[in-house]
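In what follows, a single structure is set out as structure tokens and then discussed.
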Amino acid sequence: MIISQTPLRVSLLGGGTDFRDFFLKEGGAVLTLAINKYVYVILKERFDDMIYINYSKKEIVSSVFEIQHELVREAMRKTGISKGVEITTLSDVPSEGTGLGSSSSVTVGLLNAMYAYLGMQVPAERLAQEACEIEIDILNKPIGVQDQFIAAFGDLCFIEFHTDGNISITKVPLSIEAKRVLVSNLLLFYTNRTRKADTILKEQKANIADRKDELCRLRDLAYEGYQALLRGDFDRIGELLHENWLLKRRLASGVSDPQIEEMYETALRAGALGGKVAGAGGGGFLLVYCPREKQNAVRTALSQYRELPFMLSRDGSKIIFNINSY
């Protein structure tokens, strides 16, 4: 039996510039962090040759090509596992529609567990690249490439997407205590609904050519945020988050709505310096940056919304249990 643990993520600055349609022409960058909320993949060898898959549904099939769960199907095809396994996925938060990068964490976690089942230890960069191939190249998901990399690498990262297609991952060189202080100023509140990101992301992707100026500024915000962290100017992240949100709302029509706007304005009035809806927008979690002395006021103002406490996950996807019959 193999169990992989893969973190979800909170993207701070630069989201949207990780679409290939943009960064292969202009270059992109994001400031993002893995959080201690996880996707777990349990993979167990079966005595027979059947394939069992357990998630919000249960599938029992005899061929990889019959699998409805497309991430499981393509991860099995990628790794060459074809029969005689039972695969279960579990998540600390709703498995989709939260804006915390869960689908990419599932894909990275599946690949990691499957390679471990085959007796292989695969580097984080390969896990991320192959997850991108599955989600973007094979399944044609309208997404960028940051989620796969932060899920694989973990920690607080500054990621650059170069016009030649290369991707540079820099773990932000702050002390453990400094990272703890930064993350303690970030609060996540559930908007009380999930959403299908594909519709928003398809529109956002289609709008890339017309939103070049906004996207270039979003990319620059990630660079400014990285420099602010190196200076120890954490409150600057809150201010940049606010500008990031104002720009992000212009990328697609479904990113925000009156309820989200009211929620965000309520947080600002209570003392938050900035924030954004996690992921594509339209629902899921609202992230706000708030100095410690104002956090109780923000929590009171948003008391009708459930908070998700979190800390930084220093590790990316990893195998936490391995009893292999091979």
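Per numbering that gives the first Met the number 0, the sequence shown runs over residues 0 to 325. Virtual Cβ for every residue (Gly too), placed ideally from N, Cα, C.
Cβ neighbour criterion (16 or more within 10 Å) applied to residue i
{"i": "E73", "result": "buried"}
{"i": "Q203", "result": "buried"}
{"i": "F320", "result": "exposed"}
{"i": "G164", "result": "exposed"}
{"i": "N139", "result": "exposed"}
{"i": "K56", "result": "exposed"}
{"i": "E179", "result": "According to the sequence provided, residue 179 is Arg. The question's Glu does not apply to it. Label assigned to R179: exposed."}
{"i": "S302", "result": "exposed"}
{"i": "E129", "result": "buried"}
{"i": "T299", "result": "exposed"}
{"i": "A151", "result": "buried"}
Whole-angstrom distance between residue j and residue i, CA atom to CA atom
{"i": "R249", "j": "V144", "result": "21 Å"}
{"i": "I80", "j": "T31", "result": "32 Å"}
{"i": "F18", "j": "P257", "result": "27 Å"}
{"i": "T162", "j": "V29", "result": "15 Å"}
{"i": "N53", "j": "E261", "result": "38 Å"}
{"i": "T328", "j": "F284", "result": "The structure shown does not extend to residue 328, since the chain is modelled only from 0 to 325, so the question has no answer here."}
{"i": "A112", "j": "A123", "result": "13 Å"}
{"i": "G224", "j": "I59", "result": "47 Å"}
{"i": "L239", "j": "R45", "result": "51 Å"}
{"i": "R216", "j": "S174", "result": "29 Å"}
{"i": "F21", "j": "M49", "result": "43 Å"}
{"i": "I135", "j": "I142", "result": "7 Å"}
{"i": "N206", "j": "K247", "result": "12 Å"}
{"i": "I137", "j": "Q294", "result": "43 Å"}
{"i": "G26", "j": "D212", "result": "13 Å"}
{"i": "Q120", "j": "L126", "result": "10 Å"}
{"i": "T265", "j": "S255", "result": "15 Å"}
{"i": "V84", "j": "V107", "result": "18 Å"}
Same chain only: Cβ atoms within 6 Å of residue i, ignoring 5 sequence neighbours per side
{"i": "G100", "result": "L7, R8 and D146"}
{"i": "A296", "result": "A269 and G270"}
{"i": "I318", "result": "S3 and A115"}
{"i": "I1", "result": "L42, A112, A115, Y116 and N321"}
{"i": "D91", "result": "K36 and Y37"}
{"i": "E159", "result": "A28 and S167"}
Same chain only: Cβ atoms within 8 Å of residue i, ignoring 5 sequence neighbours per side
{"i": "Y325", "result": "Confidence at Y325 is low in this model, with a pLDDT of 45, below 50, so its placement is unreliable and the value that follows should be read with caution. Counting only Cβ-Cβ distances below 8 Å, and skipping sequence neighbours, we find Y116, L117 and G118."}
Same chain only: Cβ atoms within 7 Å of residue i, ignoring 5 sequence neighbours per side
{"i": "G153", "result": "P6, A33, S312, R313, D314 and G315"}
{"i": "R192", "result": "G282"}
{"i": "Y189", "result": "F284, Y304, R305 and L307"}
{"i": "V71", "result": "I52, I86 and L109"}
{"i": "S104", "result": "T5, P6, L7, V38 and A150"}
Secondary structure, beta strand (DSSP E): runs of 3+ residues fully inside the segment 248-310:
273-276 and 284-288
Any chance you could list the beta strand (DSSP E) runs of at least 3 consecutive residues sitting entirely within the segment 75-160, in chain order?
84-90 and 155-160
At which residue ranges does the segment 177-244 contain complete alpha helix (DSSP H) runs of 4 or more residues, listed in the order of the chain?
196-205 and 211-230
Tell me, please, whether the segment 273-293 touches the segment 169-184 by the rule of three or more beta-carbon pairs shorter than 8 Å.
yes
I'd like to know if the segment 215-233 and the segment 262-281 are in contact, where contact means that at least 3 CB-CB pairs between them fall below 8 Å.
no
Check whether the segment 207-222 and the segment 236-246 are in contact - that is, three or more C-beta pairs closer than 8 Å.
yes
Could you tell me which uninterrupted beta strand (DSSP E) segments, each at least 3 residues in length, are contained entirely in the segment 21-49, listed from first to last along the chain?
27-44
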